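Protein chains in written order, with this note's numbering: chain V, 1 to 276; chain P, 1001 to 1723.
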Amino acid sequence: MDAESLLLSLELASGSGQGLSPDRRATLLTSLTLVKRDYRFDRVLFWGRILGLVADYYIAQGLSEDQLAPRKTLYSLNCMEWSLLPPATEEMATQTSVVKGRFMGDPSHEYEHTEVQKVNEGEKVFEEEVVVQIKEETRLVSVIDQIDKAVAIVPRGALFKTPFGSINVNRTFEGLSLSEAKKLSSYFHFKEPVELKNKTLLEKADMDPSLDFMDSLEHDIPKGSWSIQMERGNALVVLRSLLWPGLTFYHAPRTKNYGYIYVGTGEKNTDLPFML
Amino acid sequence: MEDSTTLKQEKENQELEEAGQPWEEMVTASSQDPESGLSEPPEVEQGPEAGPQTRSSPPGIPQSGASTPVDDLTGPGASTPPSPPQEPSSSPSPLALARQDFMAPWQSNKTTSVISEAGTPPSDHLEQPSDKGESTSHQTCQSEGNTFQLSQQTKCHLYGPRDVSYNNSKEKELRFDISQEKDSNSNYDLDQPESGASEMAPNMLEIAIQNAKAYLLKASSKSGLNLYDHLSEMLTKVLDMRPENPVDIIENISQDVKMAHFSKKLDTLQNENEMLPTYETAEKQKALFLQGNLEGTDQELEDEITEHALPNVMESAFYFEQAGVGLGTDETYRIFLALKQLTDTHPIQKCRFWGKILGLEMNYIVAEVEFREGEDEEEVEEEDVPEERDNGGSEADEADEDELPRSFYKAPQAIPKEESRTGANKYVYFVCNEPGRTWVKLPAVTPAQIVIARKIKKFFTGRLDTPIVSYPPFPGNESNYLRAQIARISAGTHVSPLGFYHFGEEEGEEEEEIEGGRDSFEENPDFEGIQVTDLVESLSNWVHHVQHILPQGRCNWFNPIQKSEEEEEEEEEEDEEKEDEKGEEPDYAEQEVGPPLLTPISEDLEIQNTPPWTTRLSSNLIPQYAIAVLRSNLWPGAYAFSNGKKFENFYIGWGHKYSPDSYTPPVPPPAYQEYPSGPEITEMDDPSVEEEQAFRAAQEATVNPTEENEETEEDEDEEDDYD
């Protein structure tokens, strides 16, 4: 959700119970403005919070002019002092995929993971147990990246592609219509398209190149990984990710208000097929 | 006819320039003849221009008309190759100027011929191409267009002479229509070479142009105008008035045109009122807000009770907001009103906002209520179903007296559910999907449902009658599952500060009382309050005030004495306590014991290094006014707060228990072993001849006296053998 309209957005997203206490709100409003100034961001998003056992991570993201350019992610424990997170890499993802359970809330906490590695000494092959230390900060980076890639979404038309190739915020976006708001195909993943290139010519025929430049939600795997609800009597559409429980996207049809927030444990719901 | 000859010449020149295909032209020209040749000779020559188009698509000319007008308008902006009609006016070619002279009289002929057609309003002309119908107008268009193909560039100059010939406004309008058509057709001819060149490729440009035109023709939902008409009217106005520097005042012209436009308000037969769901919901919720006024003053006693029953939702919502959880302010208030509605319509002694369970399609708002004494509503429902099944089985046993063995398997004995007001059924739960909708009472929970619910993990859909499809078959639909989850969550996460409740003295009358722990409590009038910092620092200051649910699925132990063989087999719960007792003797099952009431939560078991509770202070900045916030890690979404004196519990979430490992479906039940091969299964070999002979010898030896008998026996044996 946009840091500038934080209060309205929080109100809109409150149906899932994911709010912020008044002092946190006030702190964020202040500190995110400063973050925007200091880091020269074009736009600052309040991304959400990851619930730790001891403390919570508050996450913010800074966007540059080009909305799909790599984003910078910051975290904070007290909402006032923000630290920049390193960019996520594939290596980190594989490294942290072995860690399970909840976040601790301490960035310097180290998870220990014992791995069995094969060591060649001459001709003999030993199996040796190696203890791998994984910092929680690394895991945080990787989880945020995974969530972003999987479930960060924007409504169709909110962003548009300029002839120069950059992706900008669409000022003429007036919200989805009611009928569109109920369809998954009106929502796009907020990331570089992956599936788009695999589409057939027939599927591409109806697309508007300035708007349809991202993957839509409707082909997400597994099918049914989104819950879409109209709340307040159609005045608000809320999408909840079932794959990453805790991610809530809200959009008030016919207005520019949209955004997403993640409040959760930072764990993927691998039980989804059993639960549907 | 002089005109026509000169025109022909001109035409020929043009054709050469445009590099049309001569042969095709001839063919198509002949096909065009009946239509256009009658009107005037040049048509014969003109046909070819339209030729390729008509061949590719039979109603070609209307279509081309459809495509080209857009070009007129979008041309300058979209930078399409053909020169738009506006251009010539600024820089007329000498050729065109030369032509102007002889075009003028001829043009007058043409326009007059068209006037007969021109009764139709402008919009008709514009829409007509898409209709592809009306051969008459079609023809005129075509003829107009054809004539104007020759003099496309001069078109604008023709206004002069025409203005002279037509003075009255009506004719002006008509003329405009005509000129519009001319525009389109002439432009189409300009396009022609291009489309001819790209004949092989699919006509992408044309499709794009048609799409663009369709878009421009889309009427505005507010004013009913469309941009296409508007632009053409504007251009007409500019061309009529010939202002200086038109580009500078184009906005004003646009405004003038809009203001000049008036539309009659059309009567529709019936006003169809939109019935958006928004309005429906608002209508329903209106009842919530009205209720306070509707209540008469004669119900003062009633009011007293309901006031007592109604919880102060807003106050606890305020504290939960400090903690950073809860719904929005307005939704909370709506729920508050909905709870008021509930307490007004039911004999409720105590009511509490339990929380909200998220669903796939709709959510559940859950209220926890306690009915007034003796006013519990109908409770005798489907609880007899399993017993009936048992009875039926035993009756069948008695009825059949064959020797054939019947199934020895008996279903494990159904454990009866607890009485209302005790155990897991201590409270009654009402749910609704949205504040304002009707409250639905959830059925009482049965132990079997709790036991199965512990083994499955399903999303709620939001519809209470959804069947639950799961591997251990769940006895009931979603309402039962919801009720079971509510019972589990309440038992796990409802906590209060130490000392707030204490065991009452007169509680011995509870018939279900067992020696291990008492199951009822009351508020401690002498509760002094606890320091918030103490509540944050020590978990032992919080106690459970809801009874623990045993692995059996009940809060109070039910001894299934008769046949309790191994019903505890299925009780490897991940729940907080691990009961390792097994009733080995068939007649006696050892009692399951859980933590008694008012046990501190510091004794809760942790799951794989995850502490079950997290506490914190709501604000680090102003600790003196902060409240203690408790968060359950076992049931994500369960919260409790206390400011020392007050406390409240709240749940919002999907209604699932947390586990660090992914869900594993329960293992299938063991396959029943077959009978061990023993003496009653195996048989001996048939008696051999030697054995029989030996047997006979032995018999003879023992029974000498009766030989007749033996003989008969022999006979019989022999007979047997023969058989």
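The beta carbon of each residue, even a glycine, is placed where N, CA and C say it ideally should be. These numbers come from a predicted model, not from an experiment.
Simplified DSSP state of Gln1531(P), which is helix, strand or coil: coil
Test: Gly19(V) CB closer than 9 Å to a CB of chain P: yes
Residues of its chain near Ser1091(P), where Cβ-Cβ distance is below 8 Å and the 5 sequence neighbours each way are ignored: With a pLDDT of 45 at Ser1091(P), under the threshold of 50, the modelled position of that residue is not reliable, and the figure given next carries that caveat. Taken in chain order, the list of residues that qualify is empty.
As assigned by DSSP and simplified to three states, the class of His1230(P): helix
Between the CA atoms of Thr1278(P) and Ser1223(P) - distance to the nearest angstrom: 25 Å
9 Å Cβ cutoff, Glu1244(P) in contact with chain V: no
Host beta strand (DSSP E) of Ala60(V) (start-end): 57-63
Contacts around Ser16(V), its chain only, beta-carbon distance under 6 Å, and the 5 residues preceding and following it disregarded: Thr248
Leu1535(P): contacting residues in chain V (beta-carbon distance under 8 Å): Within 8 Å Cβ-Cβ: nothing; Leu1535(P) doesn't reach chain V, min ~17 Å.
Within 7 Å of chain P by C-beta, residues of the region 94-112 of chain V in sequence order: Lys100, Gly101, Arg102
Span separating the alpha-carbon of Leu68(V) from that of Asp38(V): 21 Å
Contact the region 1604-1623 of chain P vs the region 1441-1458 of chain P: 3+ CB pairs below 8 Å: no
C-alpha distance - Pro1739(P) paired with Pro1472(P), whole-angstrom precision: This structure cannot settle anything about residue 1739(P), because the visible part of chain P is limited to 1001 through 1723.
Listed by chain order, chain P residues near Arg240(V) by CB distance under 8 Å: Leu1358
Secondary structure of Ile147(V), DSSP reduced to three states: helix
Positions along the region 1318-1339 of chain P whose CB lies within less than 7 Å of some CB in chain V: Glu1321, Gln1322, Ala1323, Gly1324, Val1325, Gly1326, Leu1327, Gly1328, Glu1331
Exposure of Asp208(V), with buried meaning 16 or more beta-carbon neighbours within 10 Å: exposed
Short CB-CB distance (under 9 Å) between Ser227(V) and chain P: yes
Cα-Cα separation, Asp66(V) to Ser1254(P): 36 Å
For Leu184(V), the nearest candidate out of Phe126(V), Asp148(V), Trp226(V) (CA to CA): Trp226(V)
Beta carbon of Leu1597(P) nearer than 9 Å to that of His1545(P): yes
Arg1406(P), buried or exposed, once every other Cβ within 10 Å from all chains shown has been counted against 16: exposed
Cβ-based burial, Ile221(V) [other Cβ within 10 Å; buried from 16]: exposed
Start-to-end residues for the alpha helix (DSSP H) that takes in Glu1361(P): First-last for Glu1361(P): undefined, no H or E at that position.
Residue-chain proximity (Arg1389(P), chain V), Cβ-Cβ < 9 Å: Bear in mind that a pLDDT of 42 at Arg1389(P), under 50, signals an unreliable position, so the model cannot answer this.
Min CB distance Arg1463(P) to chain V below 9 Å: no
Any C-beta of chain P under 9 Å from that of Asp212(V): no
Chain P contact for Asn257(V) (CB, 9 Å cutoff): no
Three-state secondary structure (DSSP) of Met1(V): coil
Backbone CA spacing between Met230(V) and Pro1243(P) [nearest angstrom]: 54 Å
Chain V contact for Asn1643(P) (CB, 9 Å cutoff): no
Local Cβ density within 10 Å of Arg71(V), reported as buried at 16 or more and exposed below that: buried
Below-9 Å beta-carbon distance, Phe46(V) vs any chain P residue: no
Straight-line gap, Thr1446(P) to Ile1489(P) (C-alpha atoms, nearest Å): 15 Å
Residues of its chain near Ser1540(P), where Cβ-Cβ distance is below 6 Å and the 5 sequence neighbours each way are ignored: Pro1600, Ser1602
Own chain partners of Asn1524(P) with C-beta closer than 8 Å, once the 5 adjacent residues on each side are dropped: Gly1499, Phe1500, Tyr1501, His1502
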